[in-house]
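Trainee: Each residue of the sequence shown is one higher than the one before, starting from 121 at the first, in the working numbering.
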Amino acid sequence: MNDLAKPIVIGVSGHRQLRAKDVDSLKQAVKSQLQAVALKCPNSPIKLLCCLAEGADQLCAEVAEELNIGLIVASPMEISEYKKDFQAGALFNFEKLLSRAEKVIVVSDYEKRPESFTRDYFYRQADIYVALHSHCLIALWDGSPAKAGGCGTAETVDMVLNHTYEHHNKYIRFNDGFVIRIHAPRLDDDTVAGDITYLGNESEFNTNIEKLDELNAGGGNPDELSLQNAKQYQGKLRLLAVLGTALATAFLLYDEIMIRGMLIALMIIFIVMIIAFKIATKSRCHEKYIEYRAFAEALRVQQHSDRIGFDIEVANYLDWSRCFDTAWIHKAMQIMSMYRDVRKSENLLDDWILDQKRYHERAAEKTKKLKQKNKAIILIAAALSIAVYAFAIIFEYGIAYQGMANAEIIRIIIKVSVGLFSAISLFAANYYGKLSLQHVYEDHVRMSSFFAAAEDYVTRFGADDEFLKELVNEELSENSNWCSYEKENSIDLTI
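1. So, at 6 Å on beta carbons, what are the nonlocal neighbours of residue 417 in its own chain, with the 5 sequence-adjacent residues on each side left out?
2. Give the DSSP bridge partners of residue 301, in chain order.
3. Once the 5 residues before and after residue 554 are set aside, which same chain residues still bring their CB inside 6 Å of it?
4. According to DSSP, is residue 638 part of a helix, a strand, or is it coil?
5. With 16 other CB atoms within 10 Å as the buried threshold, where does residue 296 fall?
6. Quick one: using the 10 Å Cβ neighbour count with 16 as the cut-off for buried, is residue 164 buried or exposed?
7. Taking the C-alpha atoms as reference points, what is the distance between residue 463 and residue 146?
8. For the pair the segment 493 to 502 and the segment 588 to 605, tell me if three or more CB-CB distances fall below 8 Å.
9. Which residue or residues does DSSP assign as beta-bridge partners of residue 364?
10. Starting from the C-beta of residue 444, find all residues in its chain whose C-beta is less than 8 Å away, skip the five residues before and the five after it, and write them out in chain order.
11. Kindly list the residues whose CB is nearer than 7 Å to the CB of residue 604, restricted to its own chain and excluding five residues on each side of it in sequence; keep chain order.
12. One question on the structure: do residue 336 and residue 125 come within less than 7 Å of each other, judged by their Cβ atoms?
13. With DSSP as the reference, please indicate the residues paired to residue 493 in a beta bridge.
14. Looking at residue 552: is its Cβ nearer than 7 Å to the Cβ of residue 494?
15. Spell out a yes or no on whether the segment 126 to 140 and the segment 252 to 266 are touching, meaning 3 or more CB-CB pairs, one atom from each, closer than 8 Å.
16. Helix, strand or coil for residue 438, going by three-state DSSP, please let me know.
17. Just to confirm the assignment, what range does the alpha helix (DSSP H) spanning residue 150 have?
18. Is the Cβ-Cβ distance between residue 250 and residue 360 less than 7 Å?
19. By how many angstroms is the C-alpha of residue 217 removed from the C-alpha of residue 209?
20. Can you name the start and end residues of the alpha helix (DSSP H) that residue 167 belongs to?
21. For residue 269, name the three-state secondary structure that DSSP assigns.
22. State the Cα-Cα distance for the pair residue 291 and residue 573, rounded to the nearest angstrom.
23. If distances are taken between C-alpha atoms only, which option among 585, 513, 142, 583 comes closest to residue 315?
24. Check whether the segment 555 to 568 and the segment 477 to 493 touch, using three or more Cβ-Cβ pairs below 8 Å as the test.
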């Protein structure tokens with residue numbers, strides 16, 4: 121497994137007091153579900169996230185240890201304080217499992233802390249953390265209903281499926297919650313343990329982990345993979361544009377000169393176009409180019425926030441369109457937020473604002489040159505067409521009118537020339553047009569102007585949390601805007 125592979129995280133919630141006779145069947149059920157996820161995602165590290173509480177949490181952590189699955193602990197409070205809630209036997213097991221945890225996170229408040237509260241408030245915040253930072257939740261649960269404002273398994277399941285907790289920056293959330301419920305009766309219950317049922321959006325869960333696994337199979341670096349797929353996309357687009365132009369030219373030669381061999385050429389070109397289109401579609405290079413770029417940009421914004429010491433989860437600021445179109449990125453960003461190192465190590469103005477301002481200025485200039493190149497091709501083709509038309513008028517009303525012997529051959533050359541110049545314009549429109557140059561150029565101009573304004577503001581007034589939130593929002597909005605119009609430029613046979 122490579123170091124850049126992004127993890128698939130399975131959250132756990134369950135009763136503290138399990139029946140002794142159920143332990144083996146519950147372990148087997150948990151094991152089967154963890155193995156099923158691992159089988160679907162052979163290129164991804166699987167992690168287990170839980171509070172390591174007595175009972176179900178510790179049972180699942182033991183199964184994870186058997187399967188060599190990494191453990192992440194979401195502690196409701198500082199460990200020294202948390203230990204006070206364990207009995208002797210459970211405390212020994214807690215300390216043993218804690219020692220093998222890859223990461224221990226002391227959960228901060230997600231909801232506004234009331235004036236009077238009990239320890240349950242901290243457990244509820246830990247429940248929210250597990251619900252938010254897991255691809256799915258394994259719930260060892262008897263099915264009892266959730267209580268408003270409560271903590272426990274029923275409430276965690278409700279959080280995953282219905283987002284029943286306070287939202288400070290996003291109130292309407294995309295529903296991609298998925299729960300694997302393993303029936304775990306309470307001590308006074310005589311039902312059979314171990315039955316498995318699936319709750320929520322199983323299809324979205326499968327898509328989320330499969331797309332992340334596909335990223336990991338390619339090396340796990342979305343920035344690098346986006347560039348690779350962009351090159352593939354542009355190469356395939358260029359090939360199809362050339363083939364489309366050749367197809368039009370071959371038909372023109374057959375139509376005007378009646379070269380029968382052009383019929384064979386037409387058939388070959390068309391077959392090659394179909395094959396190239398099928399390969400491009402199967403590779404999904406255009407889709408990966410867009411999605412990996414969106415993921416890379418979101419990660420970049422998160423890294424900048426962390427490095428200036430601004431403690432914010434960027435996943436919470438992704439708009440509805442990104443969550444709807446690419447829910448796997450939203451979930452992956454939530455997962456990656458567990459690995460943040462919020463520590464001031466860069467300067468907001470120099471390392472973020474001015475760096476992005478220069479990037480957009482350079483990108484705008486580069487895109488402007490591509491636009492000019494495209495425009496030049498079309499203008500040259502148009503000028504040559506006009507020149508040929510002018511020659512045609514002179515020829516028809518001058519030279520040919522005087523009874524030139526080879527007039528028909530000249531007419532054919534004129535027609536073929538005009539067709540060729542039109543085909544050149546067709547290539548430019550189909551290749552450069554698909555690159556969305558005007559949209560891209562306008563985006564870079566707009567964002568360079570935004571960062572110039574941000575530079576001026578920070579220089580004069582400094583930066584507070586509200587300014588930084590606006591900075592995050594604008595960067596994510598620009599990226600979402602790019603994704604939206606870029607989606608319209610998928611490779612097709614109309615070229």
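In this text, a Cβ means the ideal position worked out from N, Cα and C, and glycines have one as well.
Bear in mind that the values here come from a model prediction, so they are computed numbers and not experimental data.
Mentor: This is what the structure gives:
1. Counting from 1 along the sequence shown, the entry for residue 417 is found at position 297. So the list reads 599, once near-sequence residues are dropped.
2. Position 181 of the sequence shown, counted from the start, is the residue given in the question as residue 301. 259, 317, per the DSSP bridge assignment.
3. Residue numbering aside, residue 554 sits at position 434 when the sequence shown is read from its first letter. If we look at residue 554 and ignore the five residues flanking it on each side, its Cβ neighbours are 357, 609.
4. Nothing about residue 638 can be reported from this structure: the residues present for the chain run from 121 to 615 only.
5. Position 176 of the sequence shown holds residue 296. Burial call: buried.
6. Locating residue 164 in the sequence shown gives position 44, where the first residue counts as 1. Buried, since its Cβ has 16 or more Cβ neighbours within 10 Å.
7. In the sequence shown, counting from the first residue as 1, residue 463 sits at position 343. In the sequence shown, counting from the first residue as 1, residue 146 sits at position 26. C-alpha separation (whole angstroms): 41 Å.
8. Because the criterion of three Cβ pairs below 8 Å is not met, the segment 493 to 502 and the segment 588 to 605 do not touch.
9. Residue mapping note: residue 364 aligns to position 244 of the sequence shown, counting from 1. Answer is none; residue 364 lacks a bridge partner.
10. One-based indexing of the sequence shown puts residue 444 at position 324. Counting only Cβ-Cβ distances below 8 Å, and skipping sequence neighbours, we find 294.
11. In the sequence shown, counting from the first residue as 1, residue 604 sits at position 484. Cβ within range, chain order: 441.
12. Walking along the sequence shown from the start, residue 336 turns up at place 216. Walking along the sequence shown from the start, residue 125 turns up at place 5. Taking 7 Å as the Cβ cut-off, residue 336 and residue 125 qualify as a contacting pair.
13. Translated into the one-based positions of the sequence shown, residue 493 becomes position 373. Residue pairing by DSSP leaves residue 493 without any beta bridge partner.
14. The residue you call residue 552 lines up with position 432 of the sequence shown. The residue you call residue 494 lines up with position 374 of the sequence shown. Against a cut-off of 7 Å, the Cβ pair of residue 494 and residue 552 comes out as a contact.
15. yes
16. Stepping through the sequence shown from its first residue, residue 438 is reached at position 318. In this structure, residue 438 counts as coil in the three-state DSSP scheme.
17. Counted from its first residue, the sequence shown places residue 150 at position 30. Unbroken alpha helix (DSSP H) run through residue 150: 143 to 160.
18. On the sequence shown, residue 250 is found 130 positions in, with the first residue counted as 1. On the sequence shown, residue 360 is found 240 positions in, with the first residue counted as 1. Against a cut-off of 7 Å, the Cβ pair of residue 360 and residue 250 comes out as no contact.
19. Along the sequence shown, one-based indexing puts residue 209 at 89. Along the sequence shown, one-based indexing puts residue 217 at 97. Approximately 13 Å between the Cα atoms of the pair.
20. Counted from its first residue, the sequence shown places residue 167 at position 47. Going by DSSP, residue 167 is part of no alpha helix (DSSP H) but of the beta strand (DSSP E) stretching over 166 to 170.
21. Indexing the sequence shown from 1 puts residue 269 at position 149. Coil.
22. Locating residue 291 in the sequence shown gives position 171, where the first residue counts as 1. Locating residue 573 in the sequence shown gives position 453, where the first residue counts as 1. Here the alpha carbons of residue 573 and residue 291 stand approximately 29 Å from one another.
23. For this step, residue 315 is matched to residue 195 along the sequence shown. If you compare the alpha carbons of 585, 513, 142, 583 with that of residue 315, the shortest gap goes to 142.
24. Taking 8 Å as the limit for Cβ pairs, the verdict is that the segment 477 to 493 does touch the segment 555 to 568.
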